[in-house]
Amino acid sequence: MELADGQKILPVGKALALIRECGKNRVRRVRLTGDVAGYKDLPILLHESKKQGVATEIVIAGQAQKTWLADMFAAGADAFLVDMEGAADGATRTTLQLLRNMRFSNVRARWHMHRGNTEELKAVVETAAGLGVKELLITGAKPHAGNKMKAQLPDWSQMEAAAALIREYDGSNAAQGILLQDKKMRLTVESCFSQLRAFMGGTDARYNDNQGIGRGCEAGRSFFAVAADGSFTPCLYMEENAETPSTGYCNTENVVAFWEKSPVLRTLRCSGERIRECADCCFQRRCLHCQAWEKDTICPMYHAL
Ligand code: SF4
Ligand code: SF4
């Protein structure tokens, strides 16, 4: 749920109604994103979520104030997800350090890996682990305005190096000399980064275990989003899908109606197996790329059978 986007603010009454509907329909987790620090009614939403049995995860980009974190904690926030720019991102480090000092343990970090920063992976893992993060999510390059990719996906050799480091980390918990103060941190390649997940499973689909709903893009399959203007969308990155203005948005007021009846979601749920640009790629059956991409985006991981 996007609370504010710099121009629009989700009215608190609407947000509360959505949370109550989630509670009533056994939606057990809601992620709160956007300009969360500027959303003055956030404590009210957190109280209501607790009451409804809906766990909340607050997404933080940049530096958060200590008093604000303490207030959110007191109001009932269940988890924080902190977006890291990189290992040297001072604002993120400060936020993670504050959460650590406050002994708030349910903290995850997320890092976007792309062609220009892949070599930072080891340093990012080391930094997150050193700051007591419970889980580091590695995610892929995301579409930008107009569904153009903001950054390119890593190339084959960069994927190989990243996969080797992740495998080693999972196996020994001390990959390539990474010094871990907290050896409990989980390292997860997010479903949004399907290419790396598929790559790690190998080129032979028979032995590749990247399967099921989490193998790739989960928009409309395991979640959907509500934008700051109250609109429903499969994923916030599809918000400006100029190609499908009639399907990128659905102005329903109702969570259940959207989830069960939206033609957009129905199309997304059955589009995964027949993506034209992936035909003949050896990963095709084990990969489902970002559904918000422009159709003509070229995947550098394409590997013919
Ligand atoms: S071409 Fe398609 S199936 Fe192959 S790696 Fe790229 S996104 Fe995945
Ligand atoms: S469309 Fe899918 S892969 Fe792309 S950002 Fe959204 S959930 Fe992730």
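For the sequence shown, the numbering used here assigns the number -3 to the initial residue and increments by one for each residue that follows.
Each residue gets a CB set at the ideal place from its N, CA and C atoms; glycine is no exception.
Could you please give me the residues that DSSP links to residue i through a beta bridge?
i, result
"residue 80", "107"
"residue 90", "Note: residue 90 sits in no beta bridge, so no partner."
"residue 222", "228"
"residue 215", "219"
"residue -2", "29"
"residue 5", "0"
"residue 71", "Bridge partners of residue 71: none, in fact."
"residue 277", "300"
"residue 302", "One cannot answer for residue 302 here, as it falls past the ends of the chain, which runs -3 to 301."
At a cut-off of 7 Å, is residue i close to ligand 1 when judged by its beta-carbon and the heavy atoms of the ligand?
i, result
"residue 305", "There is simply no residue 305 to check, as the chain begins at -3 and stops at 301 in what is shown."
"residue 190", "yes"
"residue 295", "yes"
"residue 213", "no"
"residue 148", "no"
"residue 279", "yes"
"residue 194", "yes"
"residue 165", "no"
"residue 203", "no"
"residue 18", "no"
"residue 266", "no"
"residue 35", "no"
Using only the alpha-carbon positions, how far apart do residue i and residue j sit?
i, j, result
"residue 81", "residue 131", "16 Å"
"residue 91", "residue 78", "8 Å"
"residue 211", "residue 193", "7 Å"
"residue 4", "residue 31", "10 Å"
"residue 224", "residue 200", "43 Å"
"residue 0", "residue 107", "22 Å"
"residue 55", "residue 44", "18 Å"
"residue 171", "residue 12", "Residue placement at residue 171 is flagged as unreliable, the pLDDT there being 49, under the threshold of 50; the coordinate-derived value follows with that caveat. The alpha-carbon atoms of residue 171 and residue 12 are separated by roughly 45 Å."
"residue 146", "residue 284", "19 Å"
"residue 62", "residue 250", "36 Å"
"residue 202", "residue 36", "51 Å"
"residue 256", "residue 140", "28 Å"
"residue 258", "residue 93", "42 Å"
"residue 160", "residue 7", "46 Å"
"residue 115", "residue 188", "20 Å"
"residue 163", "residue 120", "16 Å"
"residue 73", "residue 125", "22 Å"
"residue 51", "residue 60", "21 Å"
"residue 33", "residue 274", "40 Å"
"residue 278", "residue 234", "27 Å"
"residue 76", "residue 53", "5 Å"
"residue 16", "residue 101", "27 Å"
"residue 103", "residue 118", "19 Å"
"residue 238", "residue 144", "The predicted model places residue 238 with a pLDDT of 34, which falls under 50 and marks its position as unreliable; any figure quoted below should be read in that light. Residue 238 and residue 144: Cα-Cα distance of roughly 11 Å."
Cβ-heavy atom distance between residue i and ligand 2 below 7 Å?
i, result
"residue 291", "no"
"residue 287", "yes"
"residue 233", "yes"
"residue 144", "no"
"residue 138", "yes"
Count the other CB atoms, across all protein chains shown, that sit within 10 Å of the CB of residue i; report buried if there are 16 or more and exposed otherwise.
i, result
"residue 292", "exposed"
"residue 301", "exposed"
"residue -3", "buried"
"residue 289", "buried"
"residue 266", "exposed"
"residue 24", "exposed"
"residue 113", "buried"
"residue 134", "buried"
"residue 129", "buried"
"residue 191", "buried"
For ligand 4, any of its heavy atoms closer than 7 Å to the Cβ of residue i?
i, result
"residue 233", "Ligand 4 is absent from the structure shown, which contains only ligand 1 and ligand 2."
(request) Kindly provide the ranges of any alpha helix (DSSP H) runs that are 4 or more residues long and lie completely inside the region 129 to 209, ordered along the chain. (result) 152 to 168 and 190 to 197
(request) Please specify which runs of the alpha helix (DSSP H), each continuous and at least 4 residues long, are wholly inside the region 18 to 55, giving them in chain order. (result) 38 to 48
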